[in-house]
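Here's the structure, in C-alpha cells; my notes come after.
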Amino acid sequence: MSTPVAKLPGVGPKRANAFIQRLDVHTASDLPRHLPMRYEYEAAVNIPQVAKLR
Numbered sequence: 001m002s003t004p005v006a007k008l009p010g011v012g013p014k015r016a017n018a019f020i021q022r023l024d025v026h027t028a029s030d031l032p033r034h035l036p037m038r039y040e041y042e043a044a045v046n047i048p049q050v051a052k053l054r
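Per full-length UniProt numbering, the sequence shown starts with residue 1, numbered consecutively.
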C-alpha cells in the first residue's frame, strides 16, 4: 500500500499531480482515507430497498 499514486494502473502524470497537489494523496494507502467534501446522504436520495422492488 505504499505504492505512489503515479505508479497505480490508470493513473498518469497529470492525474497523479492532481492527487498530490489538490487532495494531498501521495500513496495508495492514502486513497481509502480520502473523504469527499460533498456527498449525498443515502436516506435523502430516497433509494428503494431491495425487498420493496418485488
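Glycine included, every Cβ here is placed at the ideal spot set by N, Cα and C.
Quantities reported herein were computed from a predicted structural model and do not represent experimental measurements.
When L23, R22, Q21 and T27 are compared, the shortest CA-CA separation from P9 is found for T27.
Look at P4 here: in three-state DSSP terms it is strand. If you draw a straight line from the Cα of S29 to the Cα of L23, it comes to about 13 Å. Take the alpha-carbon of N17 and the one of A6: they are about 8 Å apart.
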